[in-house]
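What follows is a short report on a single structure.
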Amino acid sequence: MNKRLNSISELISRSTLNHESSIVVFTGAGMSAESGISTFRDQNGLWENHRVEDVASIEAWDRNRALVLDFYNQRRRQLLQVKPNKGHEALVNIEKGFPNLQVITQNVDDLHERAGQTNVLHLHGQLRTSRSTGPGQEVYHINGSELSMGDTCSNGFQLRPNIVWFGEMVPAFEEALSIVSQCDLLIVVGTSLAVYPAASLLNYVSAQTDILLIDPNEPSFRGSKHIYHFPAKASHGLVELARLLMS
Ligand code: APR
Numbered sequence: 006m007n008k009r010l011n012s013i014s015e016l017i018s019r020s021t022l023n024h025e026s027s028i029v030v031f032t033g034a035g036m037s038a039e040s041g042i043s044t045f046r047d048q049n050g051l052w053e054n055h056r057v058e059d060v061a062s063i064e065a066w067d068r069n070r071a072l073v074l075d076f077y078n079q080r081r082r083q084l085l086q087v088k089p090n091k092g093h094e095a096l097v098n099i100e101k102g103f104p105n106l107q108v109i110t111q112n113v114d115d116l117h118e119r120a121g122q123t124n125v126l127h128l129h130g131q132l133r134t135s136r137s138t139g140p141g142q143e144v145y146h147i148n149g150s151e152l153s154m155g156d157t158c159s160n161g162f163q164l165r166p167n168i169v170w171f172g173e174m175v176p177a178f179e180e181a182l183s184i185v186s187q188c189d190l191l192i193v194v195g196t197s198l199a200v201y202p203a204a205s206l207l208n209y210v211s212a213q214t215d216i217l218l219i220d221p222n223e224p225s226f227r228g229s230k231h232i233y234h235f236p237a238k239a240s241h242g243l244v245e246l247a248r249l250l251m252s
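Just so you know, my numbering puts the end of the sequence shown at 252, numbered straight through with nothing missing.
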């Protein structure tokens, strides 16, 4: 059973963190929800309105590239209209006191970077870049929101969204694993922990390391003896965490 916190100070007041400590923040769609980006599995989430297998798999891409491109063009158009929220800003504040802070995100948006976060590792790719379908898999920045059929890399191969689709390898996973296994505190924000291997990162923290879940709903993950759940939205939880860590 995860321990439910009434206040984050119950956890932080007894922590032995110092400015050299390694804090890792693992984020999911709930991190960006207050910016206006839909989550995937909540009511009215993206996967209620789209079938994963139609838009987010290599089979979908092989079947209907235009449909897949259109789905991600819509996501990109929306991303260009939103901005980082108070939760993203609070994490940037925490980084000022804990320069080793590392964000590992499942999100494909760039809101952490736009808020000013320095160390961000994207597990599931990035919406604002494309990737060559050729052997080199070169990555390009996408200017504006549209990626279209006929947009090619310098070797003439069609560009695809630079997204890790269901069933694909997660190239950044090894790096994430190594970071998480050395951290002093793992903060998990706004993810249902339903998708693997991303969710399995929680299994790799050391036995002494506390894991703090900030999410209005309790994610179903169980495992470590040191999992604490603070039921709150990202902005509320992270502003409170920043206040405690920086005081
Ligand atoms: N603040 C914090 N958490 C929130 C908020 C909020 N304002 N609103 C919703 N949440 C929480 C929900 O309670 C839920 O636990 O965010 C979580 C969203 O879960 P999912 O929709 O499953 O998103 P995520 O866990 O990021 O999905 C993982 O699945 O399809 C994919 O590749 C996609 O990276 C994504 C992966």
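Yeah, the Cβ is synthetic: ideal placement off N, Cα and C, and Gly gets one too.
Keep in mind the model is a prediction, meaning the values are calculated, not measured.
DSSP has residue i in a bridge; who is on the other side?
i           : result
residue 130 : 168
residue 110 : 32, 127
residue 215 : 190
residue 144 : 136
residue 273 : Residue numbering for the chain in the displayed model covers 6 to 252; residue 273 lies beyond these limits and cannot be assessed.
residue 254 : The displayed coordinates of the chain run from 6 to 252. Any statement about residue 254 would go beyond what the structure contains.
residue 9   : 234
residue 163 : 157
For chain C, check one thing: does any of its Cβ atoms lie closer than 8 Å to the Cβ of residue i?
i           : result
residue 119 : Chain labels in this structure do not include chain C; a single protein chain is all it has.
Should residue i be labelled buried (16 or more other beta-carbon atoms within 10 Å of its own) or exposed?
i           : result
residue 80  : buried
residue 165 : buried
residue 239 : buried
residue 24  : exposed
residue 90  : buried
residue 142 : exposed
Is residue i near the ligand APR, in the sense that its beta carbon is under 7 Å from a heavy atom of that ligand?
i           : result
residue 47  : yes
residue 236 : no
residue 122 : no
residue 89  : no
residue 220 : yes
residue 200 : yes
residue 195 : yes
residue 117 : no
residue 39  : yes
residue 34  : yes
Tell me the rounded alpha-carbon separation between residue i and residue j.
i           : j           : result
residue 153 : residue 136 : 12 Å
residue 195 : residue 114 : 14 Å
residue 167 : residue 48  : 27 Å
residue 227 : residue 66  : 35 Å
residue 145 : residue 14  : 43 Å
residue 171 : residue 200 : 9 Å
residue 151 : residue 78  : 5 Å
residue 225 : residue 29  : 20 Å
residue 128 : residue 209 : 16 Å
residue 236 : residue 173 : 32 Å
residue 122 : residue 105 : 11 Å
Is there contact between the stretch 14-22 and the stretch 36-49, where contact requires at least three CB pairs shorter than 8 Å?
-> No, the stretch 14-22 does not touch the stretch 36-49.
Just checking, does the stretch 184-199 make contact with the stretch 151-169 on the three C-beta pairs under 8 Å criterion?
-> No, because fewer than three Cβ pairs between the stretch 184-199 and the stretch 151-169 fall closer than 8 Å, the two stretches do not touch.
Three or more C-beta pairs below 8 Å linking the stretch 55-74 and the stretch 239-251 = Contact between the stretch 55-74 and the stretch 239-251 is absent, because fewer than three Cβ pairs lie under 8 Å.
Take every Cβ of the stretch 88-103, pair it with every Cβ of the stretch 67-75, and state whether three or more of those distances are shorter than 8 Å.
-> As far as the Cβ criterion goes, the stretch 88-103 does not touch the stretch 67-75, which means the pair count is below three.
Taking one C-beta from the stretch 207-227 and one from the stretch 51-58 each time, how about it: are there three or more such pairs within less than 8 Å?
-> No, because fewer than three Cβ pairs between the stretch 207-227 and the stretch 51-58 fall closer than 8 Å, the two stretches do not touch.
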